[in-house]
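Residue numbers for the sequence shown follow the working numbering, beginning at 5 and rising by one.
Following: one structure in structure tokens, then a few remarks.
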Amino acid sequence: MRHYDLTPLYRSTVGFDKLFSMLDSVSNPDGTPSYPPYNIERLAENNYRITMAVAGFTEADLKIEVKENTLTVVAEKAEQDKESREFLHRGIAARAFERQFQLADYMQVEGASLEHGLLHIDLVREIPEAKKPRQIEIKSQDGATDAAVIEGSTH
């Protein structure tokens, strides 16, 4: 599999955000976008965190939505920001994006925060009691319980 590094092109051009989005999609044969970069961490047994590098975006520019086990993060800069500044060199990509994550069953978004250009989305997996493994006691014919226990799990 070939991987082309298009970073030198990003350094020397200004105002070609749609072109770069298209080049990203061509350079990724599986079709997954590479912008913005992100990490997925396990903080505890049932706690996770998605961290996305969103330098240049404010809380007002970002929208997070969960629908049918799909977490969607959308970012779009306000039009007034684009017109009020003139960049001689633009090395920080602040182009609009939409990134989707498939969430596992029983995964809930606990909250989100934006600090130092990083968007943190905290997730928790809450398995209902009915779906958790449980133990069943085995009773003898005379009504007394034996020490033997069958472990049950539902899948």
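Glycine included, every Cβ here is placed at the ideal spot set by N, Cα and C.
Quick caveat: nothing in here was measured; it's all calculated off a predicted structure.
Pairwise C-alpha distance: residue j and residue i
{"i": "E141", "j": "P132", "result": "21 Å"}
{"i": "V58", "j": "P137", "result": "40 Å"}
{"i": "S38", "j": "R103", "result": "9 Å"}
{"i": "E45", "j": "A100", "result": "24 Å"}
{"i": "E192", "j": "T76", "result": "There is simply no residue 192 to check, as the chain begins at 5 and stops at 159 in what is shown."}
{"i": "L47", "j": "K143", "result": "41 Å"}
{"i": "D109", "j": "G95", "result": "39 Å"}
{"i": "S88", "j": "E80", "result": "16 Å"}
{"i": "Y14", "j": "A82", "result": "Residue placement at Y14 is poorly supported in this model, since its pLDDT is 47, which falls under 50; the coordinates are not used for a value here."}
Endpoints, the beta strand (DSSP E) within which residue i is located
{"i": "F101", "result": "F101 to Q106"}
{"i": "H124", "result": "L122 to R129"}
{"i": "V78", "result": "T74 to A79"}
{"i": "A98", "result": "Where A98 is concerned, there is no enclosing beta strand (DSSP E), given that its DSSP letter is neither H nor E."}
Cut-off 6 Å between Cβ atoms - residues of its own chain near residue i, not counting five sequence neighbours on either side
{"i": "K67", "result": "V78"}
{"i": "M56", "result": "P40, Y42 and L123"}
{"i": "Y52", "result": "R46 and L127"}
Sheet register partners of residue i (DSSP bridge)
{"i": "I68", "result": "V77"}
{"i": "G115", "result": "D126"}
{"i": "Y52", "result": "R46 and L127"}
{"i": "A134", "result": "Partner(s): none; A134 has no beta bridge."}
Contact set for residue i: own chain, Cβ-Cβ below 8 Å, skip 5 residues either direction
{"i": "A64", "result": "A82"}
{"i": "N73", "result": "Q106, L107, A108, D109 and M111"}
{"i": "A116", "result": "I68, L123, H124, I125 and D126"}
Own chain, CB closer than 7 Å to residue i, minus 5 neighbours either side, in chain order
{"i": "G19", "result": "Note that G19 has pLDDT 46, beneath the 50 cutoff, so the model's placement of it is unreliable and no number is given."}
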